[in-house]
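Notes to accompany the following structure.
Protein chains: 2
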Amino acid sequence: MAARRGPYFCGIDAAMDVVSGKWKVLILWELADHGVRRFAQLRRGLPGVSEKMLVQQLRELEEDGLVHREVFAEVPPRVEYALTDEGRSLNEALAPLGAWGTERIRRIGAEKVYAS
Amino acid sequence: MAARRGPYFCGIDAAMDVVSGKWKVLILWELADHGVRRFAQLRRGLPGVSEKMLVQQLRELEEDGLVHREVFAEVPPRVEYALTDEGRSLNEALAPLGAWGTERIRRIGAEKVYAS
DNA sequence: AGGGGTGCTTACCGAAAGGTGGGTACTGCA
DNA sequence: TGCAGTACCCACCTTTCGGTAAGCACCCCT
Chain P
1 MAARRGPYFC
11 GIDAAMDVVS
21 GKWKVLILWE
31 LADHGVRRFA
41 QLRRGLPGVS
51 EKMLVQQLRE
61 LEEDGLVHRE
71 VFAEVPPRVE
81 YALTDEGRSL
91 NEALAPLGAW
101 GTERIRRIGA
111 EKVYAS
Chain V
117 MAARRGPYFC
127 GIDAAMDVVS
137 GKWKVLILWE
147 LADHGVRRFA
157 QLRRGLPGVS
167 EKMLVQQLRE
177 LEEDGLVHRE
187 VFAEVPPRVE
197 YALTDEGRSL
207 NEALAPLGAW
217 GTERIRRIGA
227 EKVYAS
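Chains as they are written, first to last, in my numbering: chain P, 1 to 116; chain V, 117 to 232.
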């Protein structure tokens, strides 16, 4: 990921920078839905994601301050992911876009196949 | 561009599909700002965009029904671009995201360099 | 006659994104 | 004994994205 972080043309540009990545918004969505999630739970919640991609996107979201990562020194290892305040506010800002997309799916008839 | 158009996990997924592309949201923004724009006007309004990319992104936005393209059989040729109703509604859905991005820019201090 | 503007198209190329398949160190269960 | 689960990391490879440069067909201005 290109790690731009500015300079930006405008706000949307900045937001898109942080949110671009095949799984980012889906991860945000999943975390907003369930609160705290473990790695394997996210993996199961996002059908089709590879482990590499999931790690990568989570790390980037963490770097950008949207996701909080907490490691428990246990065996077997446990790592929990949750949204930060900024992540939650981003999700709220994404909500209208999600609604628009849902409307669009309805219009063009592209059904979702995966259970949420 | 991968031309997915479904199946989607959810609304955001669908919206992101339509909006992903380096210049798409900027084009939408520009058209929302000025109403009708000609090719060269858009080009000048988006510093750094190449002609190829601008054509490509405009065509995709047109295919997705967000932008209306009207060709006038004149010489020199004239082509006008404008948002469709769906494009306008997408822009409205993007507004909160834009606001979030602006807030974020303020927080992390990544200044925009280009005049809007 | 030459340069610039109009709105594109095509070919090529490098970089980046994303997928595949392996390995790790440890435990619990059968 | 051997397989599954935990949460990753690594090297490699392919696909896609986006940029560069050129051409086109016609016009106007100087």
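Backbone N, C-alpha and C fix where the C-beta goes; we use that ideal spot for every residue, glycine too. Here the structure is a predicted model, which is why all the values come from computation and not from measurement.
Between Ile143 of chain V and Tyr8 of chain P, the gap from beta carbon to beta carbon reaches 8 Å or more.
Look at Ser50 of chain P: its C-beta is not under 8 Å from any C-beta on chain V. Contacts with chain V at 8 Å (Cβ-Cβ) include Asp13 of chain P. In summary, the residues of the segment 87-104 of chain P whose CB is separated from some CB of chain V by less than 8 Å are Ser89, Leu90, Glu92, Ala93, Leu94, Ala95, Pro96, Leu97, Gly98, Ala99, Trp100, Gly101, Thr102, Glu103 and Arg104, in the order they occur in the chain.
If you draw a straight line from the Cα of Phe155 of chain V to the Cα of Lys140 of chain V, it is about 14 Å long. The residue from P:Lys22, P:Val71, P:Glu92 and P:Pro77 with its alpha-carbon nearest to that of Leu213 of chain V is P:Glu92. Judged by DSSP in its simplified three-state form, Val79 of chain P adopts strand.
For Glu70 of chain P, the pairing in a beta bridge is given by DSSP as P:Glu80. At a cut-off of 8 Å between beta carbons, Met16 of chain P contacts chain V. A contact between stretches requires three or more CB pairs, one per stretch, nearer than 8 Å, and the segment 41-48 of chain P fails this requirement with the segment 153-170 of chain V. Contact check for Tyr81 of chain P against Val67 of chain P passes: the beta carbons are separated by less than 8 Å. For the pair Gly101 of chain P and Ala131 of chain V, the CB atoms are nearer than the 8 Å cut-off.
Our two residues, Arg107 of chain P and Ala148 of chain V, have alpha carbons roughly 22 Å apart in a direct line. The Cβ atoms of Gly21 of chain P and Glu60 of chain P sit closer than 8 Å to each other. The straight-line gap separating the alpha-carbon atoms of Ala73 of chain P and Val79 of chain P is approximately 9 Å. Annotated as distal: Gly203 of chain V and Ala99 of chain P, with beta-carbon spacing of 8 Å or more.
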